[in-house]
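Quick note: the sequence shown uses the working numbering, first residue 25, plus one each step.
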Amino acid sequence: FQGTIQAPQSRYGETLESEQLKGGAFLTHADGGTSLSPEAFRRALELEVGHTTHRLYGGAQYHRALREFSMAVRYMPTPEVTEDEIANAAGVGD
């Protein structure tokens, strides 16, 4: 048997853009999900997520997805939550 355990990035790797097209993005500027300007949003993706144009797969792709999720959580607006919603979620009064 001849072969390799290394899969070619050109065939199996995905850029962040291609990954988002196939699976969706955690946060996009277009849907109003962030208060950042479009330029600031692109810079944040490049600086905080990194390797956005590299074709990654496996563990490297997984870790990039975790960084993207972490960035999305920091920049997405938080919803207004009422005290009644908190009380109902906590089961107060049982």
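Every residue, glycine too, gets a C-beta built ideally from N, C-alpha and C.
Does the beta carbon of residue i fall short of 6 Å from some heavy atom of the ligand NAD?
{"i": "GLY115", "result": "Ligands are entirely absent from the displayed structure, and the ligand NAD is therefore not among its contents."}
Buried or exposed: which applies to residue i, given that a residue is buried once 16 or more other Cβ atoms fall within 10 Å of its Cβ?
{"i": "LEU90", "result": "exposed"}
{"i": "MET100", "result": "exposed"}
{"i": "VAL97", "result": "exposed"}
{"i": "LEU71", "result": "exposed"}
Using only the alpha-carbon positions, how far apart do residue i and residue j sit?
{"i": "ALA68", "j": "GLN26", "result": "43 Å"}
{"i": "LEU45", "j": "SER59", "result": "22 Å"}
{"i": "GLU109", "j": "GLU43", "result": "35 Å"}
{"i": "ALA64", "j": "THR102", "result": "19 Å"}
{"i": "TYR86", "j": "VAL105", "result": "32 Å"}
Keeping to the same chain, check which residues put their C-beta closer than 8 Å to that of residue i; ignore five residues upstream and five downstream.
{"i": "VAL73", "result": "LEU40, ARG88, ARG91, GLU92 and MET95"}
{"i": "HIS75", "result": "LEU40, ALA84 and ARG88"}
{"i": "ASN112", "result": "none"}
Using C-beta distances below 7 Å, list every residue in its chain close to residue i, excluding the 5 sequence neighbours before and after it, in chain order.
{"i": "ALA31", "result": "TYR81"}
{"i": "GLU107", "result": "none"}
In chain order, what residues of the same chain lie with their CB nearer than 6 Å to the CB of residue i, ignoring the 5 residues before and after it?
{"i": "ARG35", "result": "none"}
Open item on the list: Please give me, in chain order, every unbroken run of the alpha helix (DSSP H) with length at least 4 that falls completely inside the segment 75–100.
Closed with: Entirely contained in the segment 75–100, the alpha helix (DSSP H) runs reaching 4 residues are, in chain order, 83–99.
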